[in-house]
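**Q**
Residue numbers (this note's numbering), protein chains in the order written: chain A, 1 to 164; chain B, 1 to 59.
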């Protein structure tokens, strides 16, 4: 089970710059669907990579689904060599995304992020219209039901005059 | 980004089956309550998965 609270706490306490996307963002906007991991788009700035390494190191990140014993080093050089990482940690699964289809990287998403306060700390989450936009851009058949729910949430928000 | 969406007939077809009562109930919750509900659901799913695997394993 993914401990969303502890993972978000580790990232925010470590001053990591990130935007929540994917299933957890859907939950934040009111989705009733189950998600198993946290998807975040992280800043690729050098200082942020340092912070990300320090923040998650205590939880021993490792490549999700990979055989045990691979020489995977959790360090800045590894992050620099890759872009998107699907990881498992001792407190749950996290996808670290350098970019997402239809949305780009952290800087491109920032104007479309909203500040959320949960469990007493603040973090950024993709706004609902942009979440729908990137899900549509991904073009995955498995997202069709998710998209229907997200668009229904947008309509519910419009009808109630508010939303988040 | 994002441009206003054009209605997609496939998504519209799926939308008919969305349980809006569930969404309205969720929208009344705080963010923390929504994430806590998600974690509780995850725990329940894990437990059901474990029970299912146990029932299939040879005794």
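Just so you know, even glycine gets a beta-carbon here, dropped at the ideal spot from N, CA and C.
This one's a predicted model, so the numbers in the text were calculated from it and none came from an experiment.
Using a Cβ distance threshold of 8 angstroms, determine whether the stretch 20 to 28 of chain A contacts the stretch 42 to 61 of chain A, with at least three qualifying pairs required.
**A** Segments in contact, no.
**Q** Could you work out which residues of chain B lie near residue 28(A), taking near to mean beta carbons separated by less than 7 angstroms?
**A** Here the neighbours are 31, 34.
**Q** I'd like the span of the beta strand (DSSP E) that includes residue 42(A), first residue to last.
**A** 37 to 42 is the extent of the beta strand (DSSP E) around residue 42(A).
**Q** Which chain A residues sit within Cβ distance under 9 angstroms of residue 15(B)?
**A** Residues of chain A passing the Cβ test: 147, 148, 149, 151, 152, 155.
**Q** Which of the three DSSP states is assigned to residue 21(A) in this structure?
**A** Correct three-state label for residue 21(A): strand.
**Q** Spatial neighbours of residue 31(B) within its chain, please: C-beta separation below 7 angstroms, excluding the five flanking residues on both sides.
**A** Closer than 7 angstroms at Cβ, skipping near neighbours: no residue.
**Q** Measure the CB-CB distance between residue 59(A) and residue 78(A) and report whether it falls below 8 angstroms.
**A** Contact: no.
**Q** Taking the CB atoms as reference points, tell me whether residue 42(A) and residue 104(A) lie closer together than 8 angstroms.
**A** Not closer than 8 angstroms, so no.
**Q** Ignore the nearest five residues each way along the sequence and tell me which others in residue 19(A)'s own chain have a CB closer than 6 angstroms to its CB.
**A** These residues qualify, in order along the chain: 41, 109, 113, 124, 126.
**Q** Could you say if the stretch 8 to 18 of chain B and the stretch 4 to 21 of chain A meet the contact criterion of at least three C-beta pairs nearer than 8 angstroms?
**A** The stretch 8 to 18 of chain B is not in contact with the stretch 4 to 21 of chain A.
**Q** Please list the partners that residue 38(A) has in chain B, where partner means a Cβ-to-Cβ separation under 8 angstroms.
**A** Simply none; closest approach about 10 angstroms.
**Q** How would you list, in chain order, the residues of chain A whose beta-carbon sits under 7 angstroms from the beta-carbon of residue 45(B)?
**A** By Cβ distance, chain A contributes 34.
**Q** Take residue 45(A) as the anchor and find which of 63(A), 76(A), 64(A) has the nearest alpha-carbon.
**A** It is 76(A).
**Q** Nearest-angstrom Cα distance between residue 27(B) and residue 151(A)?
**A** Going by the C-alpha atoms only, they are around 14 angstroms apart.
**Q** With a threshold of 8 angstroms between beta carbons, is residue 24(B) in contact with chain A?
**A** Closer than 8 angstroms: yes.
**Q** Which of helix, strand or coil does DSSP assign to residue 99(A)?
**A** If DSSP states are grouped into helix, strand and coil, residue 99(A) belongs with coil.
**Q** Which class does residue 78(A) belong to by DSSP, given the choice of helix, strand or coil?
**A** Helix at residue 78(A).
**Q** Please go through the same chain and pick out, in chain order, the residues whose beta-carbon is closer than 7 angstroms to the beta-carbon of residue 36(A), but skip the five residues on each side of it.
**A** Within the same chain, residue 36(A) has close Cβ partners 2, 93.
**Q** Can you list the residues of chain A that residue 20(B) reaches, using a CB-CB cut of under 7 angstroms?
**A** Going along chain A in sequence order, the residues near residue 20(B) (Cβ under 7 angstroms) are 152, 156.
**Q** Assign residue 21(B) to one of two classes, buried (16 or more other C-beta atoms within 10 Å of its C-beta) or exposed (fewer than that).
**A** Classification of residue 21(B): exposed, given that the 10 Å Cβ count is below 16.
**Q** Quick one: using the 10 Å Cβ neighbour count with 16 as the cut-off for buried, is residue 12(B) buried or exposed?
**A** That one is exposed.
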